[in-house]
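Going by my numbering, the first residue of the sequence shown is number 4, and it counts up by one from there. Beta carbons are placed, not taken as given, at the ideal position from N, Cα and C, and that holds for glycine. Computed from a prediction, not measured in an experiment: that's the story for all the values here.
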Amino acid sequence: MIAYPNLTRDALEAFERRVFREDRPTPDVVRAGCLGILNMALATNAWLNNWTPLQNAAGALLERWSPLLTTTDRWLLKLVIAITRRHQGDDVAVALLGHEGMEELPDDVKRRVAAQLIQQSHDSDKMEDVSVRNLANQYLHSVPASARTLAHQHLRGALARLRRLRASSGIDQPTQEHEFDACVQEQIAIASALRQLDLQGVPCLGELSFQISELFLLASMSASKAHFAQAERLHDEYREALNEDGGKFVDLARARACVRIGTDVEWANDRLRALSFDPASPAAHLQRSAHRLLAWLLRTQGDQAEADVVVDRLLTLPLTPGDDGAVFRLLADVDRWTASGATPAEESALIDRMQALCTSHEMMGFGRCVASGTARERLMRFQRYFPY
């Protein structure tokens with residue numbers, strides 16, 4: 004497989020020169036090209052502001068190599084296109100590849116693909132996830148825990164996030180507490196596995212930002228000080244291992260937990276202000292979320308006037324393709340409602356707005372979590388459990 008530590012325009016151009024240099028490439032070259040561009044799309048540290056060049060490259064391979072592509076090759080390229088389109092705001096999904104096609108792939112590629120399909124299942128309300136979960140669990144448990152690779156841990160993380168999403172639905176409180184606690188323990192176990200891999204010479208401690216962020220998110224959703232303390236311990240131990248962008252996502256998740264639980268609110272206030280105005284923010288939704296959480300914090304402190312100023316600033320943030328900021332505007336309005344109360348008519352209007360967004364990519368598959376219950380229950384669930 005062609006491996007690129009970072010996805011840059013130069014790397015993509017070099018890749019295109021390599022795969023297009025032969026008019027009649029062999030099947031091995033074709034497969035290597037498909038796996039190479041898939042590797043680019045799946046690279047966990049490949050933060051891109053513009054995914055269009057990668058989408059176009061996959062489309063060019065589909066067109067130029069069309070007579071040479073096997074069913075599996077074609078599916079891999081379509082998966083790349085789906086990944087890039089979802090990063091650009093389109094709610095798209097690819098159907099499962101058949102068993103024989105999956106068996107053609109190297110073992111770790113199977114697991115990385117399964118993790119991506121789980122993420123697709125997480126992001127989209129259009130795809131039934133039972134068959135994907137079954138496939139993912141099959142690949143996860145096909146080897147003993149002592150032999151699991153980094154790809155195994157990515158797959159475990161994807162399954163744990165999907166479990167958290169399901170636990171955010173309208174289930175009874177004891178079951179929800181059990182599910183959230185199970186998710187916390189799984190993220191801690193993944194962190195332990197990453198530490199072991201790092202000791203074995205696989206540098207992956209920087210990836211702990213995903214586990215630490217998820218632990219703080221779970222602490223926020225469960226409003227559990229015990230979960231918060233577990234996240235703090237992991238954060239304190241590996242703070243120095245996180246890269247700058249990963250650290251910002253961890254700080255956002257920690258600030259959210261502080262707002263929800265009511266702890267370390269002075270730090271949360273200062274950090275959310277810094278993230279709101281960060282000119283080097285790694286993602287637009289991080290800045291939007293920081294504005295929304297800052298306004299939420301100010302409302303809990305009774306400062307409605309400044310909270311309104313923060314929300315007004317949220318509405319002026321520049322937009323990116325596929326992101327009109329509607330979800331964060333709705334979240335800010337729901338936060339205002341929970342602080343001041345709303346009439347039945349206002350609740351109904353908020354529900355209508357939420358319902359209209361439920362199939363959008365911005366909702367990240369969250370529509371299924373707010374599909375049932377009274378208007379008040381659905382709005383409270385949206386406020387507490389939407390992940391940003």
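- Exposed is the label assigned to residue 270, since fewer than 16 other Cβ atoms lie within 10 Å of its Cβ.
- Here residue 207 carries a coil assignment [DSSP, helix/strand/coil].
- Taking the Cα positions, residue 391 is about 15 Å away from residue 212.
- Taking all protein chains shown into account, residue 331 has 16 or more neighbouring C-beta atoms within 10 Å of its C-beta and is therefore buried.
- Residue state for residue 174 is assigned as coil, using DSSP reduced to three classes.
- Of the residues assessed, residue 358 falls on the exposed side of the cut-off, its CB having fewer than 16 other CB atoms within 10 angstroms.
- Counting of Cβ neighbours within 10 angstroms places residue 29 among the exposed residues, the total staying below 16.
- DSSP places residue 30 within a helical segment (H, G or I) once states are collapsed to three.
- By the neighbour-count criterion, in which a residue is buried when 16 or more other Cβ atoms sit within 10 angstroms of its Cβ, residue 135 is buried.
- In the structure shown, residue 151 adopts coil according to DSSP, grouped into three states.
- Excluding sequence positions up to five before and after residue 161, its CB lies within less than 6 Å of the CB of 118, 121 and 122, all in the same chain and listed in chain order.
- Between the stretch 89-98 and the stretch 140-159, the count of Cβ pairs shorter than 8 Å is below three; the stretches do not touch.
- Look at residue 226 here: in three-state DSSP terms it is coil, with no helix or strand label.
- The alpha carbon of residue 297 has as its nearest neighbour, out of 146, 236, 314 and 85, the alpha carbon of 314.
- Its chain contains 104 as the residues whose beta carbon lies nearer than 7 Å to that of residue 74, once the 5 sequence neighbours on both sides are disregarded; these appear in chain order.
- The continuous alpha helix (DSSP H) containing residue 56 extends over residues 55-67.
- Secondary structure in the stretch 240-294: the alpha helix (DSSP H) runs of 4 residues or longer, each lying completely within the stretch, are 247-264 and 268-279 in chain order.
- Nearest C-alpha to residue 383 among 348, 336 and 360: 336.
- Residue 369: not part of any alpha helix (DSSP H); DSSP gives it neither H nor E.
- Cβ contact annotation for residue 221 (same chain, cutoff 7 Å, sequence separation greater than five): 167, 183, 186, 187 and 230, in chain order.
- Each of 241, 242 and 303 was checked against the Cα of residue 261, and the nearest Cα belongs to 303.
- For residue 381, same chain residues with a beta-carbon under 6 Å away, outside a window of 5 residues either side, are 373 in chain order.
- The shortest CA-to-CA distance from residue 387 to any of 277, 375, 338 and 349 is the one to 338.
- The beta carbons of residue 334 and residue 360 sit no closer together than 8 Å.
- By the CB criterion at 8 Å, residue 245 and residue 293 fall outside the cutoff.
- Straight-line spacing of the CA atoms in residue 171 and residue 356 works out to 20 Å.
- Here the C-alpha atom of residue 280 lies approximately 10 Å from the C-alpha atom of residue 316.
- Between residue 287 and residue 223, the alpha-carbon positions lie close to 21 Å from each other.
- The three-state secondary structure of residue 306, taken from DSSP, is coil.
- When DSSP states are grouped into helix, strand and coil, residue 95 belongs to the coil group.
- About 5 Å separates the beta carbon of residue 158 from that of residue 114, a gap short enough to meet the 8 Å contact definition.
- Residue 369 and residue 169 have their C-alpha atoms roughly 9 Å apart.
- Take residue 237, set aside five residues on each side of it, and the residues of its chain with a beta-carbon closer than 8 Å to its own are 191, 194, 211, 214, 215 and 218, in chain order.
- Cβ neighbours of residue 249 within its own chain (closer than 7 Å, five residues either side excluded): 209 and 212.
- When only Cα atoms are considered, residue 69 and residue 77 end up about 8 Å apart.
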